[in-house]
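Trainee: For the sequence shown, the working numbering begins at 108 and goes up steadily by one.
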Amino acid sequence: MKGLKERVARVVGREVGMSEEEVLELLELPPSLEFGDVAFPCFALAKKLKRAPGEIANELAGKLASKLGGADFDRGIADVRADGPYVNFFFDKRLVAEEILPEILEKRERFGAIKGKGERVVIESPSPNTNKPLHLGHLRNLVLAQSLKRILEFAGNEVLLVNLYNDRGSAICQAMVAYEKFAKGKTPESEGKKPDHFVGDLYVMFSKEVKSDESLAELAQECLRKWEANDKHTRELWEKLNSWALAGIEQTFERLGARFYKHYFESEVYNLGKEIVLEQLKKGKLKRKPDGAVFADLSKQGLGEKILLRADGTSIYITQDIGLAVLRKKELEFDKLIYVVAREQEYHFKALFSILKMFGYAWADRLFHLSYGMVNLPHGRMKSREGTVVDADDLLDELEELARREIESRHEGLSAREVEQRARAIALAALRYYLLKVESHRDIVFNPEESLEFDGNTGPYLLYTYARAKSILEKARQGPKGARVQLPEQLNPHEELLVLSLAKFPEVSARAFEQHAPNLIANYAYELAKRFNEFYHSTPVLRSECEEFRLALVESVAQVLKNALSLLEIETIEKM
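#1: Identify the continuous beta strand (DSSP E) that holds Glu141 and give its terminal residues.
#2: Assuming contact is defined by CB atoms lying nearer than 8 Å, are Leu249 and Ala352 in contact in what I supplied?
#3: With distances taken between CB atoms, is the gap from Ala534 to Leu506 smaller than 8 Å?
#4: For a quick check, are the C-beta atoms of Leu689 and Asp186 less than 8 Å apart?
#5: Skipping 5 residues on each side, what residues in its chain have a beta carbon closer than 7 Å to that of Tyr540?
#6: Based on the DSSP secondary-structure assignment, which residues constitute the bridge partners of Phe402?
#7: Looking at the secondary structure, which residues open and close the alpha helix (DSSP H) in which Arg512 lies?
#8: Among residues of its own chain, excluding the 5 on either side of Leu133, which ones have a beta-carbon nearer than 8 Å to its beta-carbon?
#9: Give a yes or no on whether the C-beta atoms belonging to Gly299 and Pro240 are separated by under 8 Å.
#10: Cα separation between Lys669 and Tyr446?
#11: For Val552, count the other beta carbons within 10 Å of its own beta carbon; 16 or more makes it buried, fewer makes it exposed. Which is it?
#12: Please determine, among Arg188, Glu265, Ala624, the residue with the shortest C-alpha to C-alpha distance to His476.
#13: Going by other Cβ atoms of all chains shown within 10 Å of its Cβ, with 16 needed for buried, is His242 buried or exposed?
#14: Touching or not, the segment 286-294 and the segment 259-275, by the rule of three or more beta carbon pairs under 8 Å?
#15: Check whether the Cβ atoms of Leu331 and Cys280 lie closer than 8 Å to each other.
#16: Roughly how many whole angstroms lie between the Cα atoms of Leu344 and Val664?
#17: So which of Gly183, Asp190, Asn264, Arg201 has the shortest CA-CA distance to Gly223?
#18: Short check: CB of Leu415 to CB of Thr426, under 8 Å?
#19: Could you check where the alpha helix (DSSP H) with Ser91 kicks off and where it finishes?
#20: Determine which residues share a DSSP beta bridge with Leu474 and list them.
#21: Just to confirm, are Leu111 and Lys437 a CB contact at a threshold of 8 Å?
#22: Taking the C-alpha atoms as reference points, what is the distance between Leu609 and Asn554?
#23: Under a Cβ-count criterion, where at least 16 other Cβ atoms within 10 Å of its own Cβ denotes burial, should His548 be classed as buried or exposed?
#24: Could you pull the start and end residues of the alpha helix (DSSP H) that His340 belongs to?
#25: Out of Val661, Pro613, Glu654, which has the shortest C-alpha to C-alpha gap to Phe218?
#26: Just checking my contact of Glu122 with Leu156 at CB under 8 Å: how many whole Å lie between their CB atoms?
#27: Give the secondary structure of Phe372 by DSSP, where H, G and I count as helix, E and B as strand, and everything else as coil.
#28: Between the segment 498-505 and the segment 444-461, do at least 3 Cβ pairs fall closer than 8 Å?
#29: Just confirm the distance between the C-beta atoms of Val228 and Phe441, as a whole number of angstroms; I'd bet it's less than 8 Å.
#30: Using the three-state DSSP reduction, which class does Glu321 fall into: helix, strand or coil?
#31: Decide if His304 is buried, meaning its Cβ has at least 16 other Cβ atoms within 10 Å, or exposed.
#32: Work out the CA separation of Lys390 and Gly467 for me, nearest whole Å.
#33: Out of Arg524, Gly120, Tyr193, state which residue places its alpha-carbon closest to the alpha-carbon of Phe142.
#34: Smallest Cα separation from Thr646: which of Glu603, Ser322, Ala632?
#35: Only counting the same chain, and skipping five residues up and downstream in sequence, which positions put a Cβ closer than 8 Å to that of Glu373?
#36: Would you kindly report the start and end of the unbroken beta strand (DSSP E) that includes Ala189?
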């Protein structure tokens, strides 16, 4: 069926002389059902016609209401009313159910999918440093990228997830100096540590010791100079520590189900953009400072001057990103490239995209920075160098242990394997949902205990709701008989709410796709789960007069909830 907004857009567009697309941009979902199912605000029309929005709303509602039931009017719209500057539309929920339930039961896992352009999209995430393990900030990055990948694939696109390892530079050298000074001859195995944690402890050790011994900072700079000069011993030590860090990080990736199309390494690409910059300097698109540094003048874009090559001719991070973007376009032939990077780097990406456009790369318009906010602990911001960071592994261990205790308190006699499988699924659902339910640009305070609550706006609550729906269907021993559903003459209020929620999923998935916003899917899933649980507590399903219809409703909720959770990369489980 057509989405509720699309149906309203068609009738409004015809009446006011606007295209359906223009009306769709304006339509809203009212905050309360008393204001209808879809609302059309008249502010834009008021500005155009130089009339009061309330006056236009009354006139438009009157015209549309007079056409209700007409041959050329949408039969699903049952009422149209004006409320201040809004025209509110009320749908016939029974007719919506008649259309939406068979569609869900027929399309199953493809229900809600929109028809995209079939593009190839590359997503870069999470780009960790190799001097420490992944932390909670990396988890937010990767969870966002994995969900966005699912959403884009749901719209028919090919999506490649790539990663850039930042495996060179001063921070890496600091861990190397700490190893030489305080841990020479030790290994992750000898210390009983996961390899990336072993390297991360060296970085923390350096940060603490350098406060009382400034010579360590000089040693780190000397290490970097030797690395760049290809000193044999320095390179061998670098390879040793990097191999440990990479092995540990990839274990964490495996734990999170992260599969990458390709890994890039800063040590292999950091000089890539230098030739491009020098070529553009010759063309007159860049300038030199008196000391010889090369810069891009981005003042017209409000971005000031951006250095691309230092006075000594060495490149900086943005130079590498210029070269890497060009390389990826050549290698991967993408239609769109999305960088998932923290909000602190917004200026960097505005400058990068502007510079690539300045250089004449037409595809620079197809680059996008998905910015996300900080993840804080209840007691403050994470700081890797102080050793107060929440390591991803430690957090996952804690979540799994909390989930395990909850499962064992609810169920007796489960095998150890079953407990472990459920605990892992619940822990990952708790983590992913907590990180995805808020808009990506907002900061988060992550609370492990709160994320694992089985009641409320959490991942486990959604899993529990899905399992509850599947339990009803299992007790019935069969779902609805095919896609055709026999409806009762009238739906009760809880059934109406569920039907409306189900009908809105395609529109929500479309908006999540257009806005790169997994939080819209998360919020929708919670709303659907809430309404299903209200239905569950108020409306008998088995052995009721409307059993067949209600089973179809339950089956549809389970399917749509599973689809929504899949877009968040949350695996459903049949039993909690």
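All C-beta atoms in this analysis are idealised placements derived from N, C-alpha and C, irrespective of residue type, glycine included.
Mentor: Judging by the given coordinates:
#1: Segment: none, Glu141 is in no beta strand (DSSP E) and carries neither H nor E.
#2: Their beta carbons are not under 8 Å apart, which means Leu249 does not touch Ala352 by this criterion.
#3: Contact: yes.
#4: Within the shown structure, residues of the chain are numbered from 108 to 683, placing residue 689 beyond reach of any answer.
#5: So the qualifying residues of the chain are Thr565, Gly566, Leu569, Ala629, Leu675, Ile677.
#6: Bridge pairing for Phe402: Lys394, Ile414 [DSSP].
#7: Note, Arg512: alpha helix (DSSP H), 499-517.
#8: Excluding residues within five positions, the ones whose Cβ falls inside 8 Å are Phe147, Pro148, Ala151.
#9: Result no, Cβ atoms of Gly299 and Pro240 do not sit closer than 8 Å.
#10: The C-alpha of Lys669 lies about 28 Å from the C-alpha of Tyr446.
#11: Label assigned to Val552: exposed.
#12: Residue Ala624 is the option with its Cα nearest to His476.
#13: It counts as buried.
#14: By the Cβ test, the segment 286-294 is not in contact with the segment 259-275, since fewer than three Cβ pairs between them sit closer than 8 Å.
#15: In this structure, Cys280 lies closer than 8 Å to Leu331 by Cβ.
#16: Cα to Cα, the separation comes out at about 56 Å.
#17: Nearest C-alpha to Gly223 among Gly183, Asp190, Asn264, Arg201: Asn264.
#18: Taking 8 Å as the Cβ cut-off, Leu415 and Thr426 qualify as a contacting pair.
#19: Residue 91 is absent from the structure shown; the chain starts at 108 and stops at 683.
#20: Bridge partners of Leu474: Leu444.
#21: Taking 8 Å as the Cβ cut-off, Leu111 and Lys437 do not qualify as a contacting pair.
#22: Near 31 Å, if we compare the C-alpha coordinates of Asn554 and Leu609.
#23: By the 10 Å Cβ count, His548 comes out exposed.
#24: Taken as a continuous stretch (DSSP letters only), the alpha helix (DSSP H) holding His340 covers 339-362.
#25: Per the C-alpha coordinates, the member of Val661, Pro613, Glu654 positioned closest to Phe218 is Pro613.
#26: About 13 Å; that fails the 8 Å criterion.
#27: In the structure shown, Phe372 sits in a strand (DSSP, three-state: E or B).
#28: The answer is no - the segment 444-461 does not touch the segment 498-505, with fewer than three Cβ pairs under 8 Å.
#29: Rounded to whole angstroms, the Cβ separation of Val228 and Phe441 is 7 Å, and the two are in contact under 8 Å.
#30: It is coil, neither helix nor strand.
#31: Flag for His304 reads buried.
#32: A direct Cα-to-Cα measurement between Gly467 and Lys390 gives close to 11 Å.
#33: Of the candidates Arg524, Gly120, Tyr193, the one whose C-alpha sits nearest the C-alpha of Phe142 is Tyr193.
#34: Among Glu603, Ser322, Ala632, the Cα nearest to that of Thr646 belongs to Glu603.
#35: Leu271, Tyr272, Asn273, Asp274, Arg275, Gly276, Gln427, listed in sequence order.
#36: Taken as a continuous stretch (DSSP letters only), the beta strand (DSSP E) holding Ala189 covers 184-190.
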